[in-house]
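Since the structure comes first, as structure tokens, the remarks are kept for the end.
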Amino acid sequence: MANSQDAYYLSLLALAERFRTQEPANIKSCVQCLQAVLTFRPPPKVEARTHLQLANLLIQYTNNSQLARDHLEQAWNLSMNIAGFDDVRFEAASELAKLYEQAGGASNTKSLLRRAIELSRQSVYWHCRLIFQLAQLGLAELDYATAGGLLQMGLEYCHIQGVAYTQLLFLLSKIMVMLLEGRGAAEVQTLLAQANQSVEQYNGAQGQKEHLRVFYLVLLVCHNLNSGQVKSVKPALKQLQQSIQNITQLSEQEIIPSSGSEMFAWLPREQLCVLVYLVSVMHSMQAGYMEKAQKYTDKALLQIDKLKAEENVSILSSLQLLLLEHSVMCHLIIGSKAQAIKEIAKVCQLLQQDSKQLQAHRAQLHTLLAVYAMSMNDSNAAEIQFNAALRTSKNRDLWIFANLNLAVVYLRCQRERDFAAIMDRINPDTLPTQSQSLRAASFYVQGLHAFFTSRHNDGKRFLRESLKMANAEDLNRLTSCSLVLLGHIFLALGNPREAHNMVTPAMQLASKIPDLHLQLWSSAILKDLYRQFGDVPREQDSNQNHYNFSQTLLTDYMTASQLPEHQLIKWTEGPFPLPVTEKM
Numbered sequence: 007m008a009n010s011q012d013a014y015y016l017s018l019l020a021l022a023e024r025f026r027t028q029e030p031a032n033i034k035s036c037v038q039c040l041q042a043v044l045t046f047r048p049p050p051k052v053e054a055r056t057h058l059q060l061a062n063l064l065i066q067y068t069n070n071s072q073l074a075r076d077h078l079e080q081a082w083n084l085s086m087n088i089a090g091f092d093d094v095r096f097e098a099a100s101e102l103a104k105l106y107e108q109a110g111g112a113s114n115t116k117s118l119l120r121r122a123i124e125l126s127r128q129s130v131y132w133h134c135r136l137i138f139q140l141a142q143l144g145l146a147e148l149d150y151a152t153a154g155g156l157l158q159m160g161l162e163y164c165h166i167q168g169v170a171y172t173q174l175l176f177l178l179s180k181i182m183v184m185l186l187e188g189r190g191a192a193e194v195q196t197l198l199a200q201a202n203q204s205v206e207q208y209n210g211a212q213g214q215k216e217h218l219r220v221f222y223l224v225l226l227v228c229h230n231l232n233s234g235q236v237k238s239v240k241p242a243l244k245q246l247q248q249s250i251q252n253i254t255q256l257s258e259q260e261i262i263p264s265s266g267s268e269m270f271a272w273l274p275r276e277q278l279c280v281l282v283y284l285v286s287v288m289h290s291m292q293a294g295y296m297e298k299a300q301k302y303t304d305k306a307l308l309q310i311d312k313l314k315a316e317e318n319v320s321i322l323s324s325l326q327l328l329l330l331e332h333s334v335m336c337h338l339i340i341g342s343k344a345q346a347i348k349e350i351a352k353v354c355q356l357l358q359q360d361s362k363q364l365q366a367h368r369a370q371l372h373t374l375l376a377v378y379a380m381s382m383n384d385s386n387a388a389e390i391q392f393n394a395a396l397r398t399s400k401n402r403d404l405w406i407f408a409n410l411n412l413a414v415v416y417l418r419c420q421r422e423r424d425f426a427a428i429m430d431r432i433n434p435d436t437l438p439t440q441s442q443s444l445r446a447a448s449f450y451v452q453g454l455h456a457f458f459t460s461r462h463n464d465g466k467r468f469l470r471e472s473l474k475m476a477n478a479e480d481l482n483r484l485t486s487c488s489l490v491l492l493g494h495i496f497l498a499l500g501n502p503r504e505a506h507n508m509v510t511p512a513m514q515l516a517s518k519i520p521d522l523h524l525q526l527w528s529s530a531i532l533k534d535l536y537r538q539f540g541d542v543p544r545e546q547d548s549n550q551n552h553y554n555f556s557q558t559l560l561t562d563y564m565t566a567s568q569l570p571e572h573q574l575i576k577w578t579e580g581p582f583p584l585p586v587t588e589k590m
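Final position of the sequence shown in this note's numbering is 590; the numbers increase by one with none missing.
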């Protein structure tokens, strides 16, 4: 009878595998065969593995997460009593933790993963994978201390085990957490130098080495961009772009790890390509090359659409959100407000599908809406959105960016008392950031305040400081802003020649970016200057330019204000406005 039962469940297992691998796969019949296996009370190993197989099929092909969870719990509990059954035991724990997390059970997720980590010390692959998984959960909760502690634990474990590749992954991941946490530049720089040396000395598979190099270079470029070092980072960015090309040319065989205990990759190479596009967009935006930024954005979004059609994993939505956020800013700079608000609506569409993403990106969304409202001259909406961003922001540099722009709103509206109330937050001497671009921007805002209060000498001093910092790192848009405001100050002081020396290069830079609002401002000053100089042809040319710029902006303003998406500037809490949601 026992032999007969063995034959039954073995036949069912074989049949289930046949249904699973046939073209097209017959998943329903496969599941039915596996469920039938369990009715024969097979040996514990077979029973545990069958529960795991059923759970994986339910996760991949159905929405029945509760039944999948039941099977995983049984696989986990059964495997606890079976020696040397690591693959089933820890895969069940890993997948079960994901389902607990999706259901909002953070406490259950953490306790399960900690227990699995404790039991997996003899299995290098699973011990490392489970540590990464628990650290990732800490990152999702913005618990950088816990995530960093876990990664340090993994780093030390790999050093003892002698697994160099995974050790480097832990080191680079730790640096990533430090960047997100906003740790000191010197501390990050020391670890980056250590990581660079270790990556270059690594002598494993070429594919692994290139993955490590891309990871390191992404961190290096992001660290420099966070510090506003746009010019200094160019060599590293070129090296990153070359390295991603090298990865795309490697065969699948060259990417396979040399050791079974190191079957890790930071990201698949298709996702790495998107990430490098994103980093390139960030650089182009800070440097003031909007057309290049838009070109990279379009390529990256196209690649994301292709990848989502194959497998819609959460990181693709995260990358898509970051790209759209940069694209919105790009459109606002070049004067395409209608396109900007449409893309903000796309951001809303992605965020309303995922409550965790909405929480993580809420401050960024309020900031985008605020800057859009500023471009539409809706100071009231801009103030409301900036204050919402300040309430929800957990990112120090975003908080500073929102305060700087809120200060500009107050200056435009001649609200001196409100400006004075936030002046301490934007003082360049005490600004709590390592970013040279934000510090330069704070000098610009101080210069703008001095201009509005007719303290022209103070204004020149602040703006020269802003110019010096912006020029040092090729921050073209900030350079252009500072030059045109300096020109305006010289014009107000009755020094037209000096004003012309400032505004002419400002106009050239604004055209190169291109920044339509700066072009409009520059042309307004130039037509007054040429009238004072008695240069009629150039005055007429500047008049025509000013008219063209203003008409382009006015047409775009009218188009944007009539779009249903424009209602988003009124949103601060709850569901997004109904017409926008319906259109999406």
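The beta-carbon is built from N, C-alpha and C at its ideal position, and this holds for glycine as well.
The structure presented is a predicted model; accordingly, all values stated were derived computationally and were not measured.
Annotation: the continuous alpha helix (DSSP H) that includes G465 extends over 462–478.
When only Cα atoms are considered, S381 and D547 end up about 26 angstroms apart. For G234, no alpha helix (DSSP H) encloses it, and the DSSP letter there is neither H nor E.
Below 8 angstroms, enough C-beta pairs join the stretch 292–309 and the stretch 478–493 to call them touching: three or more.
Taking one beta carbon from each stretch, the stretch 372–387 and the stretch 402–419 have 3 or more pairs nearer than 8 angstroms; the two touch.
Here DSSP, grouped into helix, strand and coil, assigns M335 to helix.
Nearest to V130 by alpha-carbon distance, out of F457, I166, L396, is I166. In the structure shown, the three-state DSSP call for T303 is helix. The C-alpha of D424 lies about 56 angstroms from the C-alpha of A74. Of the residues A89, F91, L102, the one whose Cα lies closest to the Cα of L60 is L102.
Apart from sequence neighbours up to five positions away, the residues of its chain that approach T303 with a beta-carbon distance below 6 angstroms are V287, L329, S333, ordered along the chain. Ranking L78, P543, N114, E147 by CA distance to the CA of K362 puts E147 first. Annotated three-state conformation of M182 is helix, per DSSP. Residue environment for L63: buried (at least 16 other C-beta atoms within 10 angstroms of its C-beta). Close CB contacts of L156 within its chain, under the 6 angstroms cut and outside five residues either way in sequence, are with I137, L140, A141 (chain order). Spanning the alpha carbons of Q247 and K305 requires a straight line of approximately 14 angstroms.
A Cβ-Cβ separation of about 12 angstroms leaves S238 out of contact with N232 under the 8 angstroms criterion. Between the stretch 335–349 and the stretch 512–523 there are three or more C-beta pairs closer than 8 angstroms, enough to call the two in contact. In the three-state DSSP reduction, N386 falls in the helix class (H, G or I).
Selection C279, L473, I531 evaluated against N501 yields I531 as nearest (Cα-Cα). As summarised for the stretch 123–151, the continuous alpha helix (DSSP H) elements at least 4 residues long and confined to that stretch are 130–146, given in chain order.
Spanning the alpha carbons of L40 and P49 requires a straight line of approximately 14 angstroms. In the three-state reduction of the DSSP assignment, T115 falls in the helix class, which pools H, G and I.
In the displayed model, V319 falls within coil according to three-state DSSP, outside both helix and strand. With contacts defined as CB atoms closer than 9 angstroms, L143 and T172 fail to qualify as a contacting pair. A check of alpha carbon separations from N83 across N69, Q72, A98, G90 identifies A98 as the nearest.
Our two residues, V220 and K400, have alpha carbons roughly 27 angstroms apart in a direct line. With fewer than 16 other Cβ atoms inside 10 Å of its own Cβ, M564 counts as exposed.
By alpha-carbon distance to V509, the top candidate from L469, A42, G493, H523 is G493.
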